[in-house]
Structures are given as C-alpha cells and as structure tokens.
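Residue numbers (the numbering used here), protein chains in the order written: chain U, 197 to 458; chain Z, 197 to 458.
Glycine residues also receive a C-beta, built at the ideal position from the N, C-alpha and C atoms.
Take a look at the structure below.
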C-alpha cells in the first residue's frame, strides 16, 4: 500500500497552504521565564506548569495541557516532586514529569489537577508540595485547579475567604473544612485564582484561561483546533440534576477503578 | 495546618458511605484477556489498548482512557512500538507506553489516537504498526480511532468501503486517498469500527463505546463521574460553522505549537 502522503496533504486544501505560508508569523503573548526549562528553549510565550502527583486523574492535567499548549509561544511543563513517570488513580497510565519542583521557581500559570481520594488526601498533607504551590503562587499570573485540585489549593491556604468550585462530590467537604464558598459552575475566578469543577471541566476552564491570556479570537481558534463541539451521548454529567442512585454508581465506579482497591 | 482528612471525608456524605459499603460488588463486564499484561492481574473486564506513537495529540488517547478506565473491571494499557515514554506533537508531554506491540496479541478494544501532520504521516507509513493494527483488529470486539487516527486505520486497510469520520481539516484527504465516505459526526460506527472526529471528540466516542460495552446506565454514571456537562466558553468548535479565517488561525496555532516547528 503506498499513499502520496505529505505534511501538506493530511491537513488538506487551502487552509493548510495558508498555515504553511503563515508559519512563524504569530506574535508571542505573555512573558517568558526560562527558569527550570533546562535544555528546552524559551518560546516567548507563557510558562505553564502542571503539577503531577501520585494518583491524579488522567484527564485533569491532560485536557488543559492540550488547550494551553496551543497558546502562541507557550511552554507547558509537567512537574512533580521528583522527575519521572507519575501514575494515575487507576494505575493504567503514567505521564512523565520533566521537571522536579526544586527545578521550577517561577511560572506564569500553575495548574493543580485533581485525584482520587488517596491522591488528594496525600497531596493535601504533603508539606513540600504545599510550600512549593504557595511559592509559585506568589509570582504567578494565574493559579488554577481542576476537580479536587482545589482542595490542594485550599490546603495550601490559597482559598481562604474565596469563592471556588471543585468536584461535585467534594463540595460539602471543601466548605466544611475550609473558609471557602462553593459555587457550582464549570469554573470560578477569584482574583488570579481559577478553580474548575470535576475532571472534564478542566477543558472548559483552560479555554476560558486561554481567552484571558491571549484574547477571545485565539481561544476560539484553539477550541476549533481541538474540534471542541461537545455532543455527550447522555445528559447525565451534572450532579445537580442526577438521581442519587446514579451518583452512587458513579462514585462506586471511581472507587472500584482506583488502583488501591482490592 | 492540620485537617481531618480521610478517604471517606473527601468524597463526602451519604454517597461516599454507600460507595465504601458497596465496593467490590460490581459484576465484571466483557471478557478478559491477560496476554501482554505481565505482572498486572486481569480484572475480569475488557482489555483496552491505546496505541501511542511519536507526535500524537495528548487529549486523543487520554480523554478516552479517562472514560474507559472507569468501566467495571477494565484494564487500559498504553502500547507503543517500544516500551517507554512517547512524546506528543508539541513535545510538552510524554505518556509512558507500558507494553510494546510485540507483547500484545489480543485486545477487546483497540484505540488509535490522532497526531499532528508529522506523527500521522509517519504512522501511516510504519508497516510494523499497520501490521499490528490489522492483527489486533482481526480478533477485537471494537477497533476505534480519534482524530487523524482514522487515517492510520485507513492506511492499514481497515476502512475500505466504509463510512468514517476524522479531524475536520483531514476530511478531504481521507476521502481522496482512501475508499472512505466521510461523515461529519462526533463518532461514526461501521460494524465493529468506530471513528471519532477531532481531539476532544474522543471523549464523546468513549462514552458511546462505554454504553455499547456496559450499557447505558454505566455509561451515564461514567459521564457523571467525570462531571461531563460541557460548557465551552465559545461556540467555535465546529468547522461546519467556522469562518475561514478562524480555520486558518486554528491550523496555524497547531503548526506553530508542533515540536518540529522552528
């Protein structure tokens, strides 16, 4: 089987021709911080760091990374307490942390993903992680979370007196343990802190953040670039409308798929 | 700062209590194939393999993995030509392949993600990958793709005479190079082959696939588990309605964020 494949052919037609003609012409947005990038060159756009820790939920960091990596000149870096693979809650996948927290002093954007119970509780008690989050937050332009990542931000003391969102099943816990007002929105901005609701909400939050960093036109183009015209097969994604039995099943599936189970 | 965190507390209230009481009681769905899992125990549910190759787009494999890993008893395995980290199109992230294609003989579900031009073209020419895809497809229950992954399935000869979808910018190419009829839907089923549209469409496709494997109630619960009640900030994700200039900008952002650029 032979096909006349070429870079130009796969993204076909006049649009691709325009791309190739225009490549290199996008002005860089934001400010550059080369710290902690080591051998990778600064690209002139925002330095975005995503904190991985044992037991995170895979889509929490990767959905926003897909969006934010398309920002002009952006560097997205996966960061963890130590360099190397960091496994998800289910144990099914590992994303590589390319930098340790000791190597990263400053970020334009910090994103803290959520995790299953095990991972969230461990991160909330990890004083080295919490200290690093507080330090990065001091000079960040945006400090953000997805899902139970807001519990980690709260444990670091960043959400005191603020409005925030979190995973639907953790909302009562967030309000009872911290001085935080839960808001049931896909994402909630409070000053330079943006928290997103559960797992998939990170994609919506990241597009909103993209619009704040680079403007609406760029954010709209990124939404088109990832063909984000969602058509979920069911209307079951909101806990506000969910039957209690469906909530129980959802939490049971999460508990059973967790690597620490059984 | 001390908090009375516990496994029970983070997912709070009666739902979590029910989870803990019920844990272990979900019947396994699907058939088990332990081949290629090595040290990991079979969990009684479907064996799902996601093929990584250099230059894939991060959300293509990770969105569906988040969904499918919640199926009762499912094993999701990241697979590549060789074990080890496999980098995305932007170079910003790497997911670890835990198995090589030589180690995996049979899967219930195969998922082939899409990639940037560089990665897609290379995969379409990689005869070892294409042979493996054809071999796995012979005994799979479902063979699936996201984004330009359908071009890889087509290059493997699996889409001849079929309807399929792909990334919006690759639709003309798919139809001109292969005996395939492009359908502009989030996912298209043809026999046991399901193709999804670009990047984010993998999440919609995976929920549909979850319903085929484990029924609507389980799929609805997974949708709630990932809080997938999408609220994109813009209405710009469909190429059918997009301004040509926005399409050009989208493709330019993709080209510029590609690791092989500049």
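Starting from residue i, find everything on chain Z with Cβ-Cβ shorter than 8 Å and list it in chain order.
| i | result |
| --- | --- |
| residue 400/U | 426, 427, 428, 429 |
| residue 309/U | Ordered by position in chain Z, no residue passes the 8 Å Cβ test against residue 309/U, which lies about 11 Å from the chain. |
| residue 271/U | 288 |
By the DSSP assignment, the alpha helix (DSSP H) with residue i in it spans what residues?
| i | result |
| --- | --- |
| residue 451/U | 440-453 |
| residue 314/U | 313-321 |
| residue 300/U | That residue, residue 300/U, is in no alpha helix (DSSP H); it is neither H nor E in DSSP. |
Using DSSP with H/G/I as helix, E/B as strand and the rest coil, what is residue i?
| i | result |
| --- | --- |
| residue 422/U | coil |
| residue 218/U | Confidence at residue 218/U is low in this model, with a pLDDT of 43, below 50, so its placement is unreliable and no value can be given for it. |
| residue 361/Z | coil |
| residue 396/U | coil |
| residue 291/U | strand |
| residue 348/Z | helix |
| residue 308/Z | strand |
| residue 369/U | helix |
| residue 247/U | strand |
| residue 227/Z | Unreliable placement is indicated for residue 227/Z, whose pLDDT of 33 sits below 50; the coordinate value is still reported in the next sentence. Three-state DSSP puts residue 227/Z in coil, outside helix and strand. |
| residue 336/U | coil |
| residue 434/U | coil |
| residue 456/Z | coil |
| residue 286/U | coil |
Closer than 8 Å, CB to CB, is residue i near chain Z or not?
| i | result |
| --- | --- |
| residue 233/U | Unreliable placement is indicated for residue 233/U, whose pLDDT of 37 sits below 50; the coordinate value is still reported in the next sentence. Judged by the 8 Å Cβ criterion, residue 233/U is not in contact with chain Z. |
| residue 359/U | no |
| residue 245/U | no |
| residue 223/U | With a pLDDT of only 34 at residue 223/U, under the threshold of 50, the placement of this residue in the model should not be trusted; the figure read from the coordinates follows. Chain Z contact via Cβ: absent. |
| residue 364/U | yes |
| residue 378/U | no |
| residue 404/U | yes |
| residue 395/U | yes |
| residue 299/U | no |
| residue 449/U | yes |
Confirm, please, whether the CB-CB distance from residue j to residue i is below 8 Å.
| i | j | result |
| --- | --- | --- |
| residue 315/Z | residue 363/Z | no |
| residue 254/Z | residue 262/U | yes |
| residue 272/Z | residue 246/Z | yes |
| residue 449/Z | residue 418/U | yes |
| residue 398/Z | residue 259/Z | yes |
| residue 243/Z | residue 301/Z | no |
| residue 340/U | residue 333/U | no |
| residue 274/U | residue 293/U | yes |
| residue 290/U | residue 326/U | no |
| residue 370/Z | residue 346/Z | yes |
| residue 307/U | residue 257/U | yes |
| residue 309/Z | residue 410/Z | no |
| residue 342/Z | residue 276/Z | no |
| residue 415/U | residue 403/U | yes |
| residue 358/Z | residue 383/Z | no |
| residue 434/Z | residue 437/U | no |
What does residue i reach in chain U if we use C-beta pairs closer than 9 Å?
| i | result |
| --- | --- |
| residue 375/Z | Those within 9 Å of residue 375/Z in chain U number zero; the least Cβ separation is about 12 Å. |
| residue 407/Z | 429, 430 |
Report whether the distance from the Cβ of residue i to the nearest heavy atom of the ligand PLP is below 7 Å.
| i | result |
| --- | --- |
| residue 340/U | Absent from the structure shown: the ligand PLP. Ligands present: none. |
In terms of residue numbering, what span does the beta strand (DSSP E) encompassing residue i cover?
| i | result |
| --- | --- |
| residue 273/Z | 271-276 |
| residue 281/U | 280-283 |
| residue 258/U | Looking at the DSSP string, residue 258/U is not in any beta strand (DSSP E); the run it does join, the alpha helix (DSSP H), is 255-264. |
| residue 384/U | 383-386 |
| residue 378/Z | 376-378 |
Got a sec: is the Cβ-Cβ distance from residue i to anything in chain U below 8 Å?
| i | result |
| --- | --- |
| residue 411/Z | no |
| residue 268/Z | yes |
| residue 446/Z | yes |
| residue 327/Z | no |
| residue 438/Z | yes |
| residue 349/Z | no |
| residue 306/Z | no |
Going along chain U, which residues have a C-beta under 8 Å from residue i?
| i | result |
| --- | --- |
| residue 281/Z | 281, 292 |
Which chain U residues sit within Cβ distance under 7 Å of residue i?
| i | result |
| --- | --- |
| residue 464/Z | With chain Z running from 197 to 458 in the structure shown, residue 464/Z is simply not present. |
Taking residue i as the query, report the chain Z residues whose CB atoms sit under 7 Å from its CB, ordered along the chain.
| i | result |
| --- | --- |
| residue 422/U | 255, 394, 395, 396 |
| residue 382/U | 427 |
| residue 265/U | 286, 288, 453 |
Which residues in chain A have a C-beta closer than 9 Å to the C-beta of residue i? List them in chain order.
| i | result |
| --- | --- |
| residue 259/Z | Although the question refers to chain A, the structure presented lacks it and instead comprises the protein chains U and Z. |
Can you pull the chain Z residues whose beta carbon is under 9 Å from the beta carbon of residue i, in chain order?
| i | result |
| --- | --- |
| residue 435/U | 420, 423, 425 |
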